[in-house]
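Q:
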Amino acid sequence: MMKRIAKYIMSLSVVMISIVACTDNFDELNTDTLNASDESLQQDFQIIGAFYSPIFQNIYQYRPEWSYQLQQNLNADIYSGYMTNPRPFVAGANNTTYALVDGWNNFPWDVAYTNVMNNAQKIEERGREDFPTLYAVSLILKVTAMHRVSDIFGPIVYTQFGESETTSSYDSQQEAYTAFFADLDLAVETLSQDLDSQRFVSFDLVYGGDYNKWVRFANSLRLRLATRIAMADPAKAQLEAEKALSNPIGLIESNEDNFVINGSQSHPLQTINSSWGDIRMNASMESILVGYDDPRIGNYFGESADYAGEYKGIRNGLPLLPGYPEELAQKADYIGFSELGGDVINTTQVQLMTAAEVYFLRAEAALRGWAGAGDARSNYESGISTSMSQYGISASAAYIADNTSVPIDYVDPVTAANNIAAASSITIAWNDGDTNETKLERIITQKWIAVYPDGQEAWSEFRRTGYPRIFPVVSNQSGGTVDTNIQIRRLPFTANEKAQNPDGVAGAITKLGGADNAGTRLWWDTNSNF
Numbered sequence: 004m005m006k007r008i009a010k011y012i013m014s015l016s017v018v019m020i021s022i023v024a025c026t027d028n029f030d031e032l033n034t035d036t037l038n039a040s041d042e043s044l045q046q047d048f049q050i051i052g053a054f055y056s057p058i059f060q061n062i063y064q065y066r067p068e069w070s071y072q073l074q075q076n077l078n079a080d081i082y083s084g085y086m087t088n089p090r091p092f093v094a095g096a097n098n099t100t101y102a103l104v105d106g107w108n109n110f111p112w113d114v115a116y117t118n119v120m121n122n123a124q125k126i127e128e129r130g131r132e133d134f135p136t137l138y139a140v141s142l143i144l145k146v147t148a149m150h151r152v153s154d155i156f157g158p159i160v161y162t163q164f165g166e167s168e169t170t171s172s173y174d175s176q177q178e179a180y181t182a183f184f185a186d187l188d189l190a191v192e193t194l195s196q197d198l199d200s201q202r203f204v205s206f207d208l209v210y211g212g213d214y215n216k217w218v219r220f221a222n223s224l225r226l227r228l229a230t231r232i233a234m235a236d237p238a239k240a241q242l243e244a245e246k247a248l249s250n251p252i253g254l255i256e257s258n259e260d261n262f263v264i265n266g267s268q269s270h271p272l273q274t275i276n277s278s279w280g281d282i283r284m285n286a287s288m289e290s291i292l293v294g295y296d297d298p299r300i301g302n303y304f305g306e307s308a309d310y311a312g313e314y315k316g317i318r319n320g321l322p323l324l325p326g327y328p329e330e331l332a333q334k335a336d337y338i339g340f341s342e343l344g345g346d347v348i349n350t351t352q353v354q355l356m357t358a359a360e361v362y363f364l365r366a367e368a369a370l371r372g373w374a375g376a377g378d379a380r381s382n383y384e385s386g387i388s389t390s391m392s393q394y395g396i397s398a399s400a401a402y403i404a405d406n407t408s409v410p411i412d413y414v415d416p417v418t419a420a421n422n423i424a425a426a427s428s429i430t431i432a433w434n435d436g437d438t439n440e441t442k443l444e445r446i447i448t449q450k451w452i453a454v455y456p457d458g459q460e461a462w463s464e465f466r467r468t469g470y471p472r473i474f475p476v477v478s479n480q481s482g483g484t485v486d487t488n489i490q491i492r493r494l495p496f497t498a499n500e501k502a503q504n505p506d507g508v509a510g511a512i513t514k515l516g517g518a519d520n521a522g523t524r525l526w527w528d529t530n531s532n533f
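Using our numbering, the letters of the sequence shown correspond one by one to residues 4 to 533.
1) Rounded to whole angstroms, what is the Cα-Cα separation between Ala374 and Ile264?
2) Taking the alpha carbon of Asn302 as the point to measure from, which residue in Ile452, Asn421, Gly469 has its own alpha carbon closest?
3) Is Ala426 near the ligand ZN - that is, is its Cβ less than 7 Å away from at least one heavy atom of it?
4) Got a sec? Which residues, its chain only, sit under 7 Å from Lys239 by beta carbon, not counting five neighbours each side?
5) What did DSSP end up calling Asp260 once you bin it into helix, strand or coil?
6) May I ask which residues mark the beginning and end of the beta strand (DSSP E) holding Gln163?
7) Just the C-alpha distance for Asp41 and Arg365, rounded to the nearest angstrom, thanks.
8) Can you round the beta-carbon distance between Leu208 and Leu254 to whole angstroms, since I take them to be within the 8 Å contact cut?
9) Does the separation of the CB atoms of His150 and Phe110 fall below 8 Å?
10) In chain order, what residues of the same chain have a beta carbon less than 6 Å from the beta carbon of Glu444, not counting five sequence neighbours either side?
11) Only counting runs of 3 or more residues, tell me where the beta strand (DSSP E) segments fall wholly within the segment 343–416, in order along the chain.
12) So the alpha helix (DSSP H) Asp105 belongs to, where does it begin and stop?
13) Can you tell which of Tyr173, Tyr295, Leu194 has the C-alpha that lies nearest to the C-alpha of Asp213?
14) When the distance is taken between beta carbons, is Leu355 closer than 8 Å to Thr100?
15) Taking only beta-carbon positions, decide if Thr193 is within less than 8 Å of chain D.
16) Give the secondary structure of Asp519 by DSSP, where H, G and I count as helix, E and B as strand, and everything else as coil.
17) From the DSSP output, in three-state form, read off Asp174 for me.
18) Which residue marks the beginning of the alpha helix (DSSP H) containing Arg227, and which one marks its end?
19) I'd like the span of the alpha helix (DSSP H) that includes Glu68, first residue to last.
20) In angstroms with no decimal places, state the Cα-to-Cα distance between Val152 and Leu494.
21) Thinking C-alpha only, which one of Tyr383, Ile50, Ser388 is nearest Asp435?
22) Just curious, the alpha helix (DSSP H) that Arg202 is in, first and last residue?
23) Using three-state DSSP, classify Thr99 as helix, strand or coil.
24) Beta-carbon separation of Thr468 and Asn530 under 8 Å?
25) For Val104 and Arg90, I'd like the C-alpha separation in whole angstroms.
26) On a Cα-Cα basis, can you pick out the residue from Met86, Asp528, Pro271, Gln459 that is closest to Ala286?
27) Reducing DSSP to helix, strand and coil, say where Met86 ends up.
28) Within 10 angstroms of its Cβ, does Asp528 collect 16 or more other Cβ (buried), or is it exposed?
29) What distance in whole Å lies between the Cβ atoms of Val417 and Asp336, which are believed to be in contact at a cut-off of 8 Å?
30) Should Val119 be labelled buried (16 or more other beta-carbon atoms within 10 Å of its own) or exposed?
31) Rounded to a whole number of angstroms, what is the C-alpha to C-alpha distance between Leu525 and Ala102?
32) With a threshold of 6 Å on Cβ separation, who are the neighbours of Ser175 within its own chain once the five nearest residues in sequence on each side are excluded?
33) Compute the Euclidean distance between the alpha carbons of Tyr310 and Gly344, then round it to the nearest angstrom.
34) What residue range is occupied by the uninterrupted alpha helix (DSSP H) comprising Asp154?
35) For Arg472, which of helix, strand or coil comes out of DSSP?
36) If you draw a straight line from the alpha carbon of Lys10 to that of Thr136, how long is it in whole angstroms?
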């Protein structure tokens, strides 16, 4: 399946962009809601309500599945150490081996701008003055989507979106993050003044129109973004984090408040994993989850079809196997390794933030001495138990107390040359006597397990902290732009943008602070130890 898609994308990328703009996710927009009278639309808020569903369903795109595959799965899901592909697309020279495919990498950008920013702009035009709480929710959604785009590329078009029909000017990543915090300020202030409003009930795919929960999510999102910039701008990070931690409405604290989009369509990973056979367990996941005897492993992955009773992952960035030309790649020896498990993909829900993640954010905030964070150990342990309860696992105490289990060495039963020693010896149990750096590795490793399957967030945290320590690619075909051990840091600006907005991209490169390649670190990616 992926082979056919890649050929179309590389030769007809402009056509594919048109397809994205006309997917089923745009049913609401393709319906001429303005045929109804403005009066009737005003009464039930449909005048702006029709624009929310495309935003919800394209932060992490549902349909078509191949578009999500290019938006996130063949970059962040793999670079995070969560998943990898068992078949060598494009003769083994592709994103997974750092031979980046321009046609693929248009999609993280194009999906967000076509389906999120365009619709958010329409909501602002129609609702900012007349429907302030509805506008406030759109700001939270916009930040949710666009911080992910910035965390892929760096500078993005945000504050000046839509101001010119010819050239779109980019914000630096620091400027974009400043704007994200400002948008969250306005959203939280607006919603807090009208918490009992029922205006968003008909359009809400997460919280049923409950503005209290939206404010808790916005506060939690602010804490995530504050933590992301903690090494780049410590003062701003602390200011924003303490603003989130001190808000009287609070943060996400239970799984009932998880930010999970409730769609009507099956999770795209169902098709990519089960129908196409294009994705499997990553070797780093095997090393950590099997090493820890983690009870979530069966919720995340299935046992290998080829190795009974075992969970088997695949190293990132495998080259084309000898004897397996691309047209026969479906017969490659890694197809029978562990598929993705049922609980995370056999659903119509898409998970974007959980209570477990928020507890781990609070644990790190406590390490940094930020006011209102609480105790690092109790937050860390609450993060583990809350993640397990998300999957119906109640017996977390023994796991939390385990001070001996460590990640295991990886053994490839197909190709021994891929064998590699465990990348870390970090244990699970909290130890107050450890250094803060060891405590941070412990926090981020467990957060990485809990955030699954959202590879975008996991990849960002890996780049920021160096944790968890995941295995490097086997075959680095970047031509020297990416250090194998440091691993990939970003995606270059898209081919479409370079063709359609060359002046904007030229300005963006000056704000990037380095060459426009996959080895250049983002603004918040300052940890030179990794």
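Virtual Cβ for every residue (Gly too), placed ideally from N, Cα, C.
A: Let me spell this out:
1) Between Ala374 and Ile264, the C-alpha separation is close to 31 Å.
2) Ile452
3) With respect to the ligand ZN, the structure shown offers nothing to examine, as it has no ligands at all.
4) Ile232
5) helix
6) Note, Gln163: premise wrong, no beta strand (DSSP E); not H, not E.
7) Residue placement at Asp41 cannot be trusted, given a pLDDT of 46 that sits under 50; the coordinates are not used to answer.
8) In fact, because the Cβ distance is near 21 Å, the residues do not count as touching under 8 Å.
9) no
10) Ile429, Tyr470
11) 352–356
12) 105–108
13) Leu194
14) no
15) The structure shown contains no chain D; it holds only a single protein chain.
16) coil
17) strand
18) Per DSSP, Arg227 belongs to the alpha helix (DSSP H) from 214–231.
19) 68–71
20) 10 Å
21) Tyr383
22) It is not in any alpha helix (DSSP H) - Arg202 carries neither H nor E in the DSSP assignment.
23) helix
24) yes
25) 16 Å
26) Nearest C-alpha to Ala286: Met86.
27) strand
28) Buried: at least 16 other Cβ atoms inside 10 Å.
29) 5 Å
30) buried
31) 20 Å
32) Closer than 6 Å at the Cβ level, and outside the excluded window around Ser175, lie Pro158, Lys514.
33) 16 Å
34) 135–156
35) coil
36) Model confidence at Lys10 stands at a pLDDT of 35, short of 50, so the residue's coordinates are unreliable and nothing is read from them.
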